[in-house]
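Going by my numbering, the sequence shown opens with residue 138, and the numbers climb by one from there.
Ideal placement from N, C-alpha and C gives every residue a C-beta, glycine not left out.
Note that the structure is predicted; figures quoted are calculated from it, not measured.
Working notes for the structure below.
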Amino acid sequence: MSPIWVVLIALAALIIGVALGFFIARKYMMNYLKKNPPINEQMLRTMMMQMGQKPSQKKINQMMRAMNNQQGK
């Protein structure tokens, strides 16, 4: 077999592997986010009420901003 065919087969396998890996990772992340959704304002409000606090909109916004800043770091 000539070296050109070996290089072409290796290149095709690499491209197929990258594409397959991308779609598998995408499917995994979609399932993960469906099972573990990111925290939103309603979830935060419910958590605060369960802890015995009366959540004001100002406090909710402040906590959401703090959580978003923490995720950005």
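query, result
"Rounding to the nearest angstrom, what Cα-Cα distance links Gln179 and Gln207 in this structure?", "19 Å"
"Could you pull the start and end residues of the alpha helix (DSSP H) that Met200 belongs to?", "Gln194 to Gly209"
"Do you know offhand how far Gln190's Cα is from Pro174's?", "23 Å"
"Verify whether the separation of the beta carbon atoms of Met186 and Pro192 is less than 8 Å.", "yes"
"Using the C-alpha atoms, what's the distance from Ile152 back to Arg163?", "17 Å"
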